[in-house]
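Report on the structure given below.
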Amino acid sequence: MVESFSGRAVLAQDLRATMRLALPLVAAQLTAVGGNLIDVVMAGHLGAHTLAAVAVGANIWSLPLMAIIGVMMAMPPSVAQLDGARRRGEVGALFRQAVWLALVLGVVLQQALYWGGPALAAAMRVDPALQDDVRAFVRAVSWGAPGLALFVACRGLSDGLSMPRVSLVVGLCGLVVQLPLVWTLMYGRLGVPAMGAAGAGAANAVALWAQALAYLAYVRLARRFAGLGWESGRRRPDAAALFGLLRLGGPIAVAVLLEVGMFSATGLLVGRLGEVIVAAHQVALNVASITFMVPLGIAMTITVRVGNAVGRGDAVGVRRAGMVGIGMAGCAQALSCIAMLTVPHAIIALYTSDPRVLGVGVALLGFAGVFQLSDGIQVASAGALRGLKDTRLPMAITLFAYWGAGMPIGWFLAFPMGMGAQGMWMGLVVGLSCAAVLLFARFHRLSRLGAGLCRDAIDPVAQPVPAADRR
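With the first letter of the sequence shown counted as 1, position 151 gets the number 203 in my numbering; the numbers rise by one all the way through.
Listed below in structure tokens is the structure:
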């Protein structure tokens, strides 16, 4: 009886700890998707054409965006493991190298998006009537890529140190900047000419830079970030440290891109079906993206808590933190599933009054409801594996699930079988379900290894160097 009570007490403690960290992270994720929501809602009031152009442009923008986020996802588990091992003095050097990497990635991907984004839209045979506005949106938003990279580097530091409220506050400030800018630039207010889709892209770029600079200033000046060894390590880029970040973050970025690429490719292929179908697809996808922020925030919590447990050498804590978080993500998505299947019309009506878009959107939202549980389990399991710095096999799993199963099935149902957008969404259900089963099985297996799980687990990607070697 005492042992049973003790087990329940430990479980309750884990639930509370996960909830305390998860709530601000979930809220921060909702602020991130809130920017996209602002774009979609305001574009929707300009008509199906502008909404479709912003939708396609957002799909193209999501590729470099998620590449940056994926690489910088190396930060939270690395920082969390050092924090758990009581080695905070090494974190400052790690962060400095992450900033260098973020700047390089941001500039490279800005150029790739500016020149390659419009070409990608043409190659995917997006409706020619949309391509001018798609190009304008993509080129405007591309200037925000370096700012986004800096923001994500700062967020990796604060989240890894279990300070999630910082990213929440900065995210809210970004929305405060973005909302009036979108209103002014898209609609042509306050004497500014109406820019339509290009205005949405420009507003996003400015908001991203505002968030990045505010975050960077706070991280360096706030007293709560003192004691991180800011004076240790090299001032200039360190090849070994940068390679370490890429070695860990590269497979994460590929895995994230494989998932986001599945959704983006779905959007681009749906772009062949006309602006009404594209608009309905974007509305349904935006709803699913908002609900996805809850398990994504929980997954980020799991990464930090598992990483802390690894740093402490607590193998039991690793498994408990992962399983509790995965269970929470599944419960959250079950609620989303119920809402999407029971009141789809009311949800889609929040975005548009166009009866054609409403009809198609309601049908697509039903498929989103079906994959909610799978989506929650796969992202939470991936978060747990990142806490262990297990990134290569999960990358292979996502390659198989999304591009070996989901996309081929979706394409076959949509075009050869003539099912259109609904066929593509059936492919999403298949891909996410495969990923959920395989990623959960991977964490379940690794977390049963016991003491061997944490042995030699900490592999910091940046080591402090002697003062004489600093530059």
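For every residue, glycine included, the Cβ atom is placed at its ideal position computed from N, Cα and C.
Classify residue i as buried or exposed, calling it buried when 16 or more other Cβ atoms lie within 10 Å of its own Cβ.
i    : result
H97  : exposed
V409 : buried
I390 : exposed
T443 : buried
G313 : buried
V186 : buried
H333 : buried
R357 : buried
V395 : exposed
R287 : exposed
R494 : buried
M469 : exposed
Given residue i, which residues of its chain have a CB within under 6 Å of its CB, disregarding the five upstream and five downstream residues?
i    : result
V346 : V78 and A384
V85  : S341, I342 and M345
Q183 : A173
L103 : A95, G96 and A331
A361 : G369, V370 and A373
M247 : L237
S388 : T343 and Q424
G208 : M124, M127 and P128
V218 : S210
L89  : none
A254 : A192 and L237
When you compare each of the options to residue i by their alpha carbons, which one comes out closest?
i    : options                   : result
P170 : E142, A367, L227 and A110 : A110
A262 : L227, G279, D290 and A250 : L227
M352 : L115, L294, F203 and L437 : L437
M215 : L260, T70 and L294        : T70
D66  : M459, W463, L484 and A373 : A373
S426 : A488, S316 and W455       : A488
R27  : P446, G472 and S485       : What the structure shows of the chain is the stretch from 53 to 523, and residue 27 is not part of that stretch, so it cannot be assessed.
S499 : L484, K441 and G458       : K441
L220 : A74, A367 and G435        : A74
L297 : Y454, R272, V108 and A154 : A154
G456 : N88, G479, A64 and P468   : G479
Y166 : A188, W152 and A132       : A188
I399 : V339, G359, A367 and G141 : V339
A249 : V92, G470 and L451        : V92
L63  : V376, G439, V151 and L416 : V376
L213 : F495, G359 and G435       : G359
G319 : V143, Q149 and Q474       : Q474
I112 : L321, L260 and S485       : L321
L300 : V271, A274, G439 and A432 : G439
Among the residues of its own chain, which have a CB less than 8 Å from the CB of residue i, if the five just before and after it don't count?
i    : result
A257 : A192, V193, S194, W195, G196 and G199
L309 : L115, M118, A119 and G122
D179 : A104, G323, R324, G326, E327 and V330
H397 : L410 and V414
V190 : G109, I112, W113, L165, Y166, G169, P170, A173 and G253
Between which residues of its own chain and residue i is the CB-CB distance below 7 Å, once the five residues before and five after are set aside?
i    : result
L393 : G418 and G421
L268 : L202 and C206
A100 : E327, V328, A331, D406 and V409
I429 : I378, A381, G382, A488 and F492
Decide yes or no for the touch test of the segment 147-166 against the segment 242-253: beta carbon pairs closer than 8 Å, at least 3 of them.
-> no
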